[in-house]
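This report refers to the structure that appears directly beneath it.
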Amino acid sequence: MNSYRALHGSGKLLIHKNISQEAQEHANKLCRGISERYIPFDVPDMLSNLTCHSSRPLECVHMWYEERKYYNYENGQYVPKAAHFTLLIWKSSKYVGVGICSKPMEKYFVVAKLYPRGNEKNKFSENVLPQRNHCSNLPTNCIFSAVAVIIPLFA
Numbered sequence: 001m002n003s004y005r006a007l008h009g010s011g012k013l014l015i016h017k018n019i020s021q022e023a024q025e026h027a028n029k030l031c032r033g034i035s036e037r038y039i040p041f042d043v044p045d046m047l048s049n050l051t052c053h054s055s056r057p058l059e060c061v062h063m064w065y066e067e068r069k070y071y072n073y074e075n076g077q078y079v080p081k082a083a084h085f086t087l088l089i090w091k092s093s094k095y096v097g098v099g100i101c102s103k104p105m106e107k108y109f110v111v112a113k114l115y116p117r118g119n120e121k122n123k124f125s126e127n128v129l130p131q132r133n134h135c136s137n138l139p140t141n142c143i144f145s146a147v148a149v150i151i152p153l154f155a
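Be aware that the sequence shown starts at 1, since it is given in the UniProt record's numbering, and climbs by one per residue.
Structure (structure tokens):
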């Protein structure tokens with residue numbers, strides 16, 4: 001996550017224990033078959049959700065980032081197809097919590113919750129900046145960043 005954020009001038013997200021617990025509870029609910037739309041935000045005005053259902057959970061962050069192709073920096077407005085991307089690099093978000101779970105023989109559910117929340121109306125231009133840094137080995141760096149976030153969940 002932080003490798004992608006750095007490309008856009010956003011600071012590093014710090015792992016927050018309480019937010020991680022909420023993210024894990026959210027992921028567990030998804031594994032139990034509770035629909036995403038029926039999982040309320042515990043603190044609706046404060047957290048943003050990124051969710052992913054994949055057989056390769058480490059690729060979730062990359063999938064979220066790939067939505068950048070739908071975002072228009074000149075317009076600086078919310079774009080539904082780019083919502084995960086804009087939440088991922090939202091500059092004013094400072095903390096993250098990650099939860100992951102799977103059912104036997106099924107895909108993983110990955111949930112990342114960020115604080116303060118992103119995708120705030122009229123704040124895109126100051127929080128979603130164009131890519132300014134380049135990295136020749138970005139996918140590898142991003143996978144290592146994802147591993148660093150997910151491994152503590154299994155410790």
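Every residue gets a Cβ at the ideal spot worked out from N, C-alpha and C, and that includes glycine.
Worksheet entry | Sheet register partners of Asn49 (DSSP bridge) | Partner residues in the beta bridge of Asn49, as assigned by DSSP, are Lys113.
Worksheet entry | Whole-Å CB distance - Ser48 paired with Gly97, under 8 Å assumed | The pair is not a contact, with the Cβ atoms about 11 Å apart (cut-off 8 Å).
Item to complete: Determine the direct distance from the alpha carbon of Asn75 to that of Lys123, and round the result to whole angstroms.
Response: 12 Å
Discussion item. Does Ser92 come out as helix, strand or coil in the three-state DSSP assignment?
Written reply: Ser92 carries a coil assignment under DSSP once its states are collapsed to helix, strand and coil.
Practice prompt. Report yes if the C-beta distance between Val110 and Cys31 is below 8 Å; otherwise report no.
Written response: no
Worksheet item: Mapping DSSP to helix, strand and coil, what is Ile19?
Response: helix
Fill in: Proximity test, Cβ basis, 8 Å: Glu106 and chain D
Any reference to chain D falls outside this structure, which holds one protein chain only.
Worksheet entry | Buried versus exposed, by CB contacts within 10 Å (16 or more), Asn18 | exposed
Worksheet item: Ordered along the chain, which non-local residues of its own chain (more than five positions away) have a Cβ less than 8 Å from that of Gly9?
Response: Lys91, Leu129, Arg132 and Asn133
Worksheet entry | Tyr65 beta carbon less than 8 Å from that of Leu88 | yes
Worksheet item: When the distance is taken between beta carbons, is Tyr95 closer than 8 Å to His26?
Response: No. Outside cutoff.
Practice prompt. Determine the contact status of Arg68 and Ala83, defining contact as a CB-CB distance below 8 Å.
Written response: no
Item to complete: For Cys60, write down the residues that DSSP places opposite it in a beta bridge.
Response: Partner(s): none; Cys60 has no beta bridge.
Worksheet item: If you drop the 5 nearest sequence neighbours on each side, which residues of the same chain put their C-beta closer than 6 Å to that of Phe144?
Response: Residue confidence is low: Phe144 scores 49 on pLDDT, short of 50, so the model does not pin down where it sits. Its coordinate-derived value is still stated next. Within the same chain, Phe144 has no close Cβ partners at all.
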